[in-house]
Structure formats: C-alpha cells, structure tokens
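Shown next, in structure tokens, is the structure this report addresses.
Protein chains: 2
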Amino acid sequence: MNAKPILIYDTTLRDGSQGEGVSFSLQDKLNIAERLAEIGIDFIEGGYPLSNEKDVAFFREIKKRDLGQSKVCAFGMTRRKSMQAKDDPGMKALVEAGTPCITLVGKTWDYHATEVLRVTLEENLAMIGESAEFLSRNAELIYDAEHFFDGYHANPEYAIKTLKAAAAGGATWLSLCDTNGGTLPERVSEVTRAAIEALADYNVQIGIHCHNDCELAVANSLAAVDAGATQVQGTINGIGERCGNVDLISMISNLALKKKGFTVLGGRSLKPLTQLSRFVYETANLQWRNSQPFVGQSAFAHKGGMHVHAINKAAKTYEHIDPALIGNERRILVSELSGRSNITALATKHKLEDDRELMDKILAEVVRLENQGYQFENAGASFDLLIKRIAGSYTPHFETIKYRVVAGDRNTEGEASGVFAEAIIKLKVGDALWFDAAEGHGPVNALDAALRKALSDEYPQLAEMRLTDYKVRVVDSGSGTAASIRVNIESTDEHESWGTIGVSENIIEASWNALVDAVEYKLHKSTP
Amino acid sequence: MNAKPILIYDTTLRDGSQGEGVSFSLQDKLNIAERLAEIGIDFIEGGYPLSNEKDVAFFREIKKRDLGQSKVCAFGMTRRKSMQAKDDPGMKALVEAGTPCITLVGKTWDYHATEVLRVTLEENLAMIGESAEFLSRNAELIYDAEHFFDGYHANPEYAIKTLKAAAAGGATWLSLCDTNGGTLPERVSEVTRAAIEALADYNVQIGIHCHNDCELAVANSLAAVDAGATQVQGTINGIGERCGNVDLISMISNLALKKKGFTVLGGRSLKPLTQLSRFVYETANLQWRNSQPFVGQSAFAHKGGMHVHAINKAAKTYEHIDPALIGNERRILVSELSGRSNITALATKHKLEDDRELMDKILAEVVRLENQGYQFENAGASFDLLIKRIAGSYTPHFETIKYRVVAGDRNTEGEASGVFAEAIIKLKVGDALWFDAAEGHGPVNALDAALRKALSDEYPQLAEMRLTDYKVRVVDSGSGTAASIRVNIESTDEHESWGTIGVSENIIEASWNALVDAVEYKLHKSTP
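These protein sequence lines map, in sequence, to chains A and B.
FYI, in UniProt numbering the residues of the first sequence are 1 to 528.
FYI, in UniProt numbering the residues of the second sequence are 1 to 528.
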C-alpha cells in the first residue's frame, strides 16, 4: 500500500512570531526559512506583508535564496468591506510580495462576521470569494478558515458556505483552523470529515491548523489527518501565541515514525530535526525545552537505577524509538537514585567499566558528594573531572591560593547607586604567582572576570569560552540562611556546552568551585 | 445524567521527582503533599521507601499532617525472585511505611520478565500474585502494570494474566502504564477496552498512566477514560523522566471543563490550580512554563491587533474557557496594565478595590517591578509593604546607610578551612547610628546576623522571628553571570510566616533588600 504524503506548512515566521518573547529580525527569518527548506518543509509562511515593513523585505530578499522545492507563502486577510479587492491595500501587498503561494484568512464564525467585522453574512461571503478570485490569478491559494470548529458549532451551514466561497474563488487548499485551541480530537475528526464531504465536488484539499490550549494540538492534528486532511500547519517547537501552535517536530516525527501509511518531507531523513529545533530556539533567543518530545535533551535521558539497569541490556525496552532517527541521543543521568548501573553507563563513555575497583571508588565518592548536595546531572564536566581525579589523571592548570569578594552598597543616600562587587584573587600558574582584581555586576560575575584576567596570558584559549547560564539552589530548605547552596554554571565554546557545580554553605565558595571546574574542563580539553 | 467521578492519582513526589533537574527535600515533599490534599487530589504517591531514607522519613512525617480525604500511597516493586514476600526487604519497607494505600509495580512485558528480571513467565506471575496478597492485607492495593501497552502488543494473553494475578491477589485498582510513552490514542482506547473486558469478573477498577514522549499523554489519558478507566495517574506540570508524565493540570481541566459527563476532585473549584502549578515549580526550583495550557502565564495572553480588538468586545470569541475557572487571568500584551500576578485578588485581600486611583498606582508599580524580575506570589509581605508605601502608611523603623560583605577563602593551603563570610553594616535608628559587623556561614547569613545585632536593642521583638527559607533564582537565564538575581526569603514568628523578595544583578543587594523587607514587616506588625 502506498504511503499517503502529508504536506507540512510552517508558520514559525508568522504565527510563531506572535508568541510572547519571540522577535525575529529579517536576517533571522531568512536563516530559518533556509533551514526549513533544507529539511523539505513544503510551505514556508514568511509573514504578513500588510502588517509591517520587515515582512515586505523578507519576501523581497527570500527570492535571492535557493529554497529547493519549498514554496514561500504570504499571509493576509480578506478584503475590507465596501472595497473592491483590486483597491484593497492588503490584497495589493499580497500580490506585490510575488510569492508562489498566498494564504488568505477569512471569517467562518457568523458572530465574528457580524460583531467584529460588522458586515452581513452575505457580504462576508463576497469578501472571501472576491479576495480568493483576485489572489488566485497568479498564485497557489491556501484559504485559512479562522475559528472553523467554533464557527461550525455555532452555524454549520454558514461555515461550509465560507469554505465553498473560497473554493469557488480559486483556493485549492482549505485549512481548518482551531483558532481558540479548545476543540477535542473526536470533534475535530467529526467536523473535518463533514467538511471534506461537503466539499467533495470541489477541487480542493483540506488542511488543519491547531493550537495547544488544551494540550491536544498534536492529537487534534493527527485526528484531522486520519479524517482525510493532507496538510498540517504549525510551527517549529510549537512556538506561538498563548499555548502555541502545534509543534511540527512532534507532527513530523509522529507521522513518519509512529503512524502507519503516511509519508512526510518527501521521505527525507528526519536526522536534522534535533538541530533544527535548537537552531530555532537559539535564533529566537528562547530556552531549549529539555522535556520536549523527540528532540529535547531529556527526551532519551534515563534516571533511576531501576530503568538504567534495563537500558544497558536492550534500548528498545525503554525507548519507543531510536533517538538517532531524529538526530537525538541517549543520555544516562547520575543521581541519588543511581545504583551501579547508572555509573556503569557513564564510565563506559570514559572506558572505565572494566576497572571494578575504580568504579567502586567513583560510586562511593558520588554518593558522598550527593549527600552534601551535589547533583551531577547538569554537571557532566564536574563529573568528568571527578573521574579524572579518582583515576589519577587530573592535572590542575593552576592553584588557588586565596580569593575574596567584597560586595554591597557603599552609599544608599546619594542619587548614584553605591552598589558594587569586587573580586580579588591570588593564583599560582606554574611557578608564577598571579594577583588580580576585577569588578562585576555581582560577586560571581566579578570572580569570573578576575579569574580570566589572571589566566588569560598563560591560557589564551579561555577567550573561546563563555558562561551562558548560572543557577543557584538552596539544597536544604528549612534551615534559613545557613543552608547549603548549590551553584550550577553552564559554559560553552564553539564545540560543546558543559555544566559544572559547586556546593557550600558559602555561596562565594560554591561559585568559585563551579567556576574553577568550568575553566579546568576547558583547559583539560584544549591542552593535551 | 450523573457525572462519573474520575479519581486523580498524583505521583509528582515519586515519578515526577525522576525528572532531570528535579530534587525535592523532605520539607518540599511534605509541603507539596499538603497542597495536593487541599485541592482534593485522591491519591498522593509519596515515594519509594526501599530506595532511600528521605522517602521513609516522608511516610513517617506525613502522618502528622491532616490530608483530609486524600490517601497517601507508598510505591514499590514485586518481591524478588526466589524469596518469599514476607522476607523481601521491599515488601517490608512498604508495610512499614504504614500508608492507607500501596502501589505495586510489576512486569507485564514477557521480554522484561525473562531478559531483565531473568525469571520464567510463571515465576513473574507468582511474584505479582504473592506480593499483591501480602501487601493488600492491610492496605488498599493499586497495581501498576509496567509497559502494559507494549507488553500487550508483544503477548496479549500474558499481559492479561499479569493483571489477573494482581487482581486475584487483592489489588482493587489496575493502572495500565504506557511506560515508554510511545502508544497512540486509538491503540490506548482499544487496549484499555480489552483489559476492562478481560477483567470484567474481578472487583477492580482500571487506571491509566501515560508519558509524553509523543506529545500525546493527555490525549492518551482522555482516550483511556473514554474507554472506561476511572483513575488518572500523572504529575503536576507534567514533570517527570524524559518528556514527563501526563500533566494533571491539563487532565483535571479537560475532564472538568471540556469533556462532558465526568467530575473530578469531588466537584471542588479548580481556582487553586494556577497557584498550585506555580508552587510546585517554585518548590522544585524550575522555571514556570509560560505557554503551559490552562495555567501558564501566556495561556490567556493576547497579542496582535487582530485579536485584541475582538477580545475587548467579547472574551469568548478568543478564549475557549474563562481563565478565572482555573485561577488564571487574561492578559492583553499591548496594555500597560498587564500584570503577571493575581493583583486583583491581592488587592481585594487588602480591601483596596474601591480606591481606583490607589489601585491604578499599585498596578503601575507592580508592572514596573515585574519587568525588573519581581514576582509577588511568594512575597506577600513585600507586596504588603509596597501597598503601604504607595498609600503613604509605610514608616521605616531604620535607615540603611551602607553595608558590605566580604567573603571567600583566605587560605586554601592549610588544613583548616579558610572559607569565611563577614558583613559590616551601618544603620540609623531614630537619631542613633549603629555600626555592626557579624560573621556567618555565608554572605546572607552574615548580613542577617549583623542586622539583628544592630536592631535588637531598639527592637527586642526581633528575637521572636527567624528565617526559615531562602531561595535564589536567576531571572534572566542566558545572560551568564550578569543576569538579575531574585532572592526570596521566608520568615516566621509564632503567629505566621511571611515571604519577602529582593531583585538585583548583585546577589548581595538582592539579599539585603529581602532581609530589610522581612524585618520591616515584623516591625510594622509589632509596633503599632
């Protein structure tokens, strides 16, 4: 039986950009569009030309790039009431964008037509039909039926009329939008079937556009595909307004790897998905979502002695698919729930598993440290150095003689802020003593600056690394301000990112230890 | 038609704690358990007594708290092979936990029995049955069928046998676990029906336990409930291993507000859900997920001219439910009055809602501070003082002239630790100047000690208060060590406990501000 192709329509650059905290520059959009084309996305919705200059520029610039088989779409609304399509600025902007596809959104819900647009139901149909006719003259036309499911619930006959108006006007795709995100899968299935049946005599295919307000966007989109939809609209990583659009990563993965009978992205490999996901996060300056299905850093991360023991025997017993299929990888976490098998997996990576005596020493040390508040899951580099220390292969690149931070507020009375932080450190590098001081926004920032000052002559490669994240956690809540503090630092250079940890009752000491590990890890990597 | 009750089983403290980066102290677990009981969660799985001391302590301590109708469950595995139930340490640990419920997990998948546990299929059935019989003597027994869907796929007859063994042994609940998270909704529906039918002659109810590896945990759990399951196992905010367990927030909301014919939490109001979600994130020291369905800060946040216009006319046109139902609120992102916390509720508490001008000033100040990283949900005392300042009824009991902390390690070479922290402060109390210094375990501990030294002559009532918790949070992750730091302090006297907050790039300044608010709150209370 031939697999049925489901086309993927990406609106990361338009609907996705409406997510809180998301803002793409023109360059960002062009870069993302190229990455989408590389993996074989069928439709790339680039923006809303009527709404802003940046989107107009996007459509101009994107023509200079090779997007393979992917088609760029320009998005816009139906013509204004009491105006002809040819005179409407939105219509003109769409035509001027000169894209192979145009996506036209129109009102489906009778209430929206009469109360929000303030037109009669008939006028709305005319707006849809005339806009469709005008825009489909020189472009493939996709019609987005806004609020389709709510509109169908309120007035099913009218909702179908709006679809027919668009189809009669020349739309070849009718995408049913669950704009409020509140429809349930069984209802999506029923209504999608009804729409397909009602439009049986028209030369159209049906698409689906879901939002995640009930955490059912993926289920709804799959239900629509099962009901006959052949286009899925969504965004990479599910970014978008409110709870986001459907995550195309999940949709592509589910359609290609979990469902039977469908093919996506022209049958291409899904291996680039993980990197694509991270690229979009980085470009949008958003945090990665570790627990994101398929491509999250934790998606195949196993903790808890009970599970890791089994994984070491056969991965399929605890993984529903092979992480490599989407470019992800298995991770074994070290934690307080780790028995011997967690350590084994990490030690395998370090090629130590045959040395039982060493393994026992490492395990004993990990347990000792965990009881003090250490946790090595986000501190793989500190764990790495721990193994080296126990195995005798740790070579410190400098020695801390002393360090102190002075911080506070010198002057709370004047207009200028007296808040300050200074770090003073003394290190030994080889035979030389280095005494340095630095200012900073706060104590840890100052310590980091002082450390780099002291080491950069001897170790210029430190300029390649930067601190990207800093977390502080009190690990014994309930003891007030005398509790143990856990500091996690994330560092990165162009090849990898690594986590280190420090624990102490004194946050300055905890921060210093985490910083030293971060730097030593880099130096161990780069000075063979 | 009567609504069917669906029981909610929370494993935030056990399965949820296996999520990456999640670590709960004993106190954290007790606090969360109480909050779960308050909203009416039916079953609270507290931990795995065989695996660690902290969980044993939990079951001991939780008996001292009033959990209303909620039942605490202790979790454990079937007895070891070649050992009688009564001699098995895991069995004994479960009985010693003394909980009203016990949750027993056993192998369903023939492969797991023979290759992982290395027992015959018959022995596995005996292990299940004998463990169930032993544990159900004095507790309600819930049986978790691990890998049920994969096991049923591999060998359906054997999978059913494992369920029957547990039921015959005395389990009254059989929860079907999609442990790998890879099953699709239609299959969950089919297999759940098959299990219910096969167990028709037994006095059992069926539960469902899903993981989110395909982003279908909610859909799968709903499918199982539609198929006849009457218990849903999950975690608050969906925390848990890999991609997490099903999010009980979404499940409760969907069952109560979206699906027809079901009732949850004994019909209680869902208004506490939003606060509960945030409380669990804060306690786990995890970031809130803004786009989280129902309770996320962005779940009802509207952006984009096209939508806001319509919202102002009629909220239901763009919201699938009223956010107030789950204790969330609508936010209009273009409005200057969008605030993240439930300002209205707090202002109502202070009886200010009739003073519109004052309310506007307070709102404006809150928005300003929130943009800097403040959040008043766990800092009610700081909010209280903020209101007083704006209302003109704040009377500072002392004035900060300056303060500084010196901390670090003086001597990393000797045997004695050179780690130190000293605080030096200068305050004005009335007409007198106080200059004091104190040592501490760390900077904040030292500042607190110095502050008390300086104020205790004039204000002896400060001896009644103590600091009970201290949380630190970086509020602008991604900026390395120059980010804003949010410090939350919890203080208590014999009458109440109160939270205060400080925010700054400099952790010392943030800590000082939170400490000053904590002390001023006490002094405002006690010096009329």
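Glycine included, each C-beta is placed from N, C-alpha and C at the ideal position.
For this session: Using a Cβ cut-off of 7 Å, pull out every chain A residue sitting near B:Y318, in sequence order please.
Result: On the second sequence, residue 318 of chain B is found 318 positions in, with the first residue counted as 1. Chain A residues near B:Y318: N180.
Exercise. In chain order, what residues of the same chain lie with their CB nearer than 8 Å to the CB of B:E336, ignoring the 5 residues before and after it?
Worked result: By one-based count along the second sequence, residue 336 of chain B stands at place 336. Low local confidence applies: a pLDDT of 30 at B:E336 is under 50, so the model's placement there is unreliable, with the coordinate-based value given in what follows. A364 and V367.
Exercise. Can you tell me whether DSSP reads A:I6 as helix, strand or coil?
Worked result: For this step, residue 6 of chain A is matched to residue 6 along the first sequence. Coil, per DSSP.
Problem set entry | Cutoff 8 Å; reference A:V22; Cβ partners in own chain excluding five residues on either side | Here residue 22 of chain A corresponds to residue number 22 of the first sequence, with the count starting at 1. Here the set comprises G16, I239, A284 and L286.
Problem set entry | Residues within the region 28-55 of chain A neighbouring chain B, beta-carbon criterion of under 9 Å | S51
For this session: Identify every run of the beta strand (DSSP E) within the region 381-406 of chain B, keeping only runs that are complete inside it and at least 3 residues long; order them along the chain.
Result: none
Problem set entry | Among A:I489, A:E133, A:D178 and A:K522, nearest to A:K500 - alpha-carbon criterion | What you label residue 500 of chain A is simply residue 500 of the first sequence in a count that begins at 1. What sits at residue 500 of chain A in the sequence shown is Thr, not Lys. If we check each option's Cα against that of A:T500, A:I489 comes out closest.
Exercise. DSSP state of B:L515, grouped into three classes?
Worked result: Counting from one through the second sequence, the residue named residue 515 of chain B turns up at place 515. DSSP places B:L515 in helix when its eight states are reduced to three.
Exercise. How about residue 530 of chain B and B:I362: do their beta carbons lie closer than 7 Å?
Worked result: No answer is possible for residue 530 of chain B: it lies beyond the span of chain B, which begins at 1 and ends at 528.
Exercise. Do B:M127 and B:V105 have their C-beta atoms closer together than 7 Å?
Worked result: Within the second sequence, residue 127 of chain B is the residue found at index 127, counting from 1. Within the second sequence, residue 105 of chain B is the residue found at index 105, counting from 1. No, Cβ-Cβ distance for B:M127 and B:V105 is not below 7 Å.
Problem set entry | Closer than 7 Å to chain A by CB, B:Y9 | Working through the second sequence from its first residue, we reach residue 9 of chain B at position 9. It does not; no Cβ of chain A falls within 7 Å.
Exercise. If we ignore side chains and look at the alpha-carbon of each, how far apart do A:A191 and A:Q231 end up?
Worked result: Here residue 191 of chain A refers to the residue found at position 191 when the first sequence is read from its first residue. Here residue 231 of chain A refers to the residue found at position 231 when the first sequence is read from its first residue. Going by the sequence as given, residue 191 of chain A is Val instead of Ala. Rounded to whole angstroms, A:V191 to A:Q231 spans 16 Å at the Cα level.
Exercise. Would B:L433 be called buried (16 or more neighbouring beta carbons within 10 Å of its own) or exposed?
Worked result: As a working mapping, residue 433 of chain B is identified with position 433 in the second sequence. By the neighbour-count rule (16 or more Cβ atoms within 10 Å), B:L433 is not buried but exposed.
Exercise. Which ranges does the alpha helix (DSSP H) cover as unbroken runs of at least 4 residues, wholly within the region 37-101 of chain B, from first to last along the chain?
Worked result: 53-61 and 89-97
Exercise. Per DSSP, A:Y143 is paired with what?
Worked result: For this step, residue 143 of chain A is matched to residue 143 along the first sequence. A:L104 and A:L174.
For this session: Give the secondary structure of B:V419 by DSSP, where H, G and I count as helix, E and B as strand, and everything else as coil.
Result: By one-based count along the second sequence, residue 419 of chain B stands at place 419. Note: B:V419 maps to strand in three-state DSSP.
Problem set entry | the region 195-212 of chain B touching the region 502-514 of chain A, judged by at least three CB pairs closer than 8 Å | no
Problem set entry | DSSP bridge partner residues for A:W434 (one or two, in chain order) | Along the first sequence, one-based indexing puts residue 434 of chain A at 434. Paired residue(s): A:L427.
For this session: List the DSSP bridge partners of B:T492.
Result: Within the second sequence, numbered from 1, the residue matching residue 492 of chain B stands at position 492. Note: B:T492 sits in a beta bridge opposite B:R466 and B:S497.
Exercise. Going by other Cβ atoms of all chains shown within 10 Å of its Cβ, with 16 needed for buried, is B:A345 buried or exposed?
Worked result: For the purposes of this step, residue 345 of chain B is taken as residue 345 along the second sequence, with counting starting at 1. Residue placement at B:A345 cannot be trusted, given a pLDDT of 48 that sits under 50; the coordinates are not used to answer.
Exercise. If we cut at 7 Å on Cβ distances, does A:Y394 have a partner in chain B?
Worked result: To locate residue 394 of chain A, count along the first sequence from 1; it is residue 394. Cβ-Cβ to chain B under 7 Å: no for A:Y394.
For this session: Name the two residues that bound the continuous beta strand (DSSP E) containing A:G234.
Result: Along the first sequence, read from residue 1 onward, the residue named residue 234 of chain A stands at position 234. Q231 to G234 is the span of the beta strand (DSSP E), which, as asked, contains A:G234.
Exercise. What does A:Q401 touch in chain B if you count any residue whose Cβ is under 8 Å from its own?
Worked result: Counting from 1 along the first sequence, the entry for residue 401 of chain A is found at position 401. Per the sequence shown, residue 401 of chain A should be read as Ile rather than Gln. T412 and E413, listed in chain order.
Problem set entry | Short CB-CB distance (under 7 Å) between B:P293 and chain A | As a first step, residue 293 of chain B is located in the second sequence; it is residue number 293 there, counting from the start. So yes, B:P293 belongs to the interface.
Problem set entry | Option nearest B:K81 by Cα separation, candidates B:E20, B:L125, B:T99 and B:R331 | Position 81 of the second sequence, counting from 1, holds the residue named residue 81 of chain B. When each option's Cα is compared against that of B:K81, the closest is B:L125.
Exercise. Considering only the beta carbon of each residue, do B:I142 and B:T103 sit closer than 7 Å?
Worked result: Here the question's residue 142 of chain B lines up with position 142 in the second sequence. Here the question's residue 103 of chain B lines up with position 103 in the second sequence. It is a contact, given that the beta carbons lie within the stated cut-off.
Exercise. For chain A, is any of its Cβ atoms less than 7 Å away from the one on B:G244?
Worked result: Along the second sequence, one-based indexing puts residue 244 of chain B at 244. Yes, B:G244 lies at the interface with chain A (some Cβ there is under 7 Å from its Cβ).
Exercise. Is the CB of B:Y470 under 7 Å away from at least one CB in chain A?
Worked result: Translated into positions along the second sequence, residue 470 of chain B becomes position 470. Closer than 7 Å: yes.
Exercise. Using Cβ-Cβ distances below 9 Å, what residues of the region 271-297 of chain B are close to chain A?
Worked result: T283, N285, Q287, R289, N290, S291, Q292, P293, F294, G296 and Q297
For this session: Using a Cβ-Cβ cut-off of less than 9 Å, give me the residues of the region 213-229 of chain A that come near chain C, in sequence order.
Result: Here the protein chains are A and B, and chain C is not one of them.
Exercise. What three-state label does DSSP hand A:H112 in the structure shown?
Worked result: As a working note, residue 112 of chain A is residue 112 in the first sequence. If DSSP states are grouped into helix, strand and coil, A:H112 belongs with the helices.
Exercise. A:V444 to A:A407, Cα distance in whole Å?
Worked result: Taking the first residue of the first sequence as 1, we reach residue 444 of chain A at position 444. Taking the first residue of the first sequence as 1, we reach residue 407 of chain A at position 407. One C-alpha to the other measures close to 10 Å.
Problem set entry | Endpoints, the beta strand (DSSP E) within which B:G207 is located | Your numbering for residue 207 of chain B matches position 207 in the second sequence. It spans Q205 to C210 - the beta strand (DSSP E) in which B:G207 sits, taken as one unbroken run.
Problem set entry | Sufficient close CB pairs (3 or more, under 8 Å) joining the region 236-252 of chain A to the region 193-202 of chain A | no
Problem set entry | Helix, strand or coil at B:V280 according to DSSP, with G and I counted as helix | Your numbering for residue 280 of chain B matches position 280 in the second sequence. If DSSP states are grouped into helix, strand and coil, B:V280 belongs with the helices.
For this session: Anything in chain B within Cβ reach of A:A483, meaning under 7 Å, just list it in chain order.
Result: One-based indexing of the first sequence puts residue 483 of chain A at position 483. The answer, in chain order, is Y470.
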